[in-house]
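One structure is given here, and the rest of the page talks about it.
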Amino acid sequence: METITANPVVVTDMKKKMKDILMCISWREFANTYFQRSSSWFYHKMDGIDGNGGEGGFNEEEVEQMRGALIDLSNRIRHAAESI
Numbered sequence: 002m003e004t005i006t007a008n009p010v011v012v013t014d015m016k017k018k019m020k021d022i023l024m025c026i027s028w029r030e031f032a033n034t035y036f037q038r039s040s041s042w043f044y045h046k047m048d049g050i051d052g053n054g055g056e057g058g059f060n061e062e063e064v065e066q067m068r069g070a071l072i073d074l075s076n077r078i079r080h081a082a083e084s085i
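Just so you know, we're using this note's numbering here: the sequence shown kicks off at 2 and counts up by one.
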């Protein structure tokens with residue numbers, strides 16, 4: 002019987018992917034609101050490192066959480082714009 006092990010997907014270039022909006026968002030507030038984590042945890046994830054300085058990043062579940070958070074935030078911004 003052959004066992005296939007899949008390497009977990011880790012996104013280590015999230016900061017690069019967010020370059021267009023990087024300076025427009027309070028990532029401290031974002032990390033707290035959507036991940037219930039500290040800003041230092043989030044910045045390490047964005048930089049693709051773990052808390053000990055090794056290679057890290059967002060795992061598949063966190064990538065989906067990030068996607069959902071950005072969609073929620075964009076909907077909130079659109080709603081605010083439409084209320085003007």
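Every residue, glycine too, gets a C-beta built ideally from N, C-alpha and C.
- Linking glutamate 30 to leucine 71 through their CA atoms gives a straight-line distance of about 13 Å.
- Membership of aspartate 48 in the alpha helix (DSSP H) is indicated by the continuous run 40-48.
- In the DSSP assignment, no residue is bridged to valine 64.
- Scanning Asn33, Met24, Pro9 for the CA closest to the CA of methionine 67 turns up Asn33.
- Secondary structure note for glutamate 30: its alpha helix (DSSP H) is the uninterrupted segment 28-31.
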